[in-house]
């Protein structure tokens, strides 16, 4: 299995001060495009999903997450506002690295790690 994630990153100035980083998954193959994890209680971005998160955290709206008592939910986009250029760039770079890591690790976790193996050892 191979994974491809096409990510659009838009960086812009916020009127009145600040720096915005907006990321959206435009297209994904081999993985769900909803790779950004949010906390349900405050609807804030938490992190880029791990392979475990993709398999176990639902893709629902914030309202559905609250209704069903989920702690987390996933979306295909994130908007982050920062006070300095350095902070916005650091956030953007780190998040892009995590997306690249997910694209590399998801196939390994799903195809290569999960499963049951039986071994016999004799001495």
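In our numbering, the protein residues as written are 2 to 124.
Even for Gly, the Cβ is constructed at its ideal location relative to N, Cα and C.
Where do the ends of the beta strand (DSSP E) carrying residue i lie?
i          : result
residue 29 : 20 to 30
residue 6  : 5 to 14
residue 39 : 37 to 40
residue 76 : 73 to 76
residue 61 : Note, residue 61: premise wrong, no beta strand (DSSP E); not H, not E.
By how many angstroms is the C-alpha of residue j removed from the C-alpha of residue i?
i           : j           : result
residue 11  : residue 48  : 18 angstroms
residue 78  : residue 35  : 7 angstroms
residue 75  : residue 85  : 27 angstroms
residue 123 : residue 109 : 30 angstroms
residue 107 : residue 32  : 8 angstroms
residue 8   : residue 55  : 17 angstroms
residue 83  : residue 93  : 10 angstroms
residue 17  : residue 102 : 35 angstroms
How would you write the range of the alpha helix (DSSP H) that residue i sits in, first residue to last?
i          : result
residue 96 : 86 to 108
Return the bridge partner residues of residue i from the DSSP annotation.
i          : result
residue 82 : 21
residue 46 : 39
Look at the Cβ atom of residue i, then the Cβ atom of residue j, and state whether they are nearer than 8 angstroms.
i          : j           : result
residue 73 : residue 38  : yes
residue 13 : residue 41  : no
residue 2  : residue 119 : no
residue 51 : residue 30  : no
residue 89 : residue 26  : no
residue 46 : residue 81  : yes
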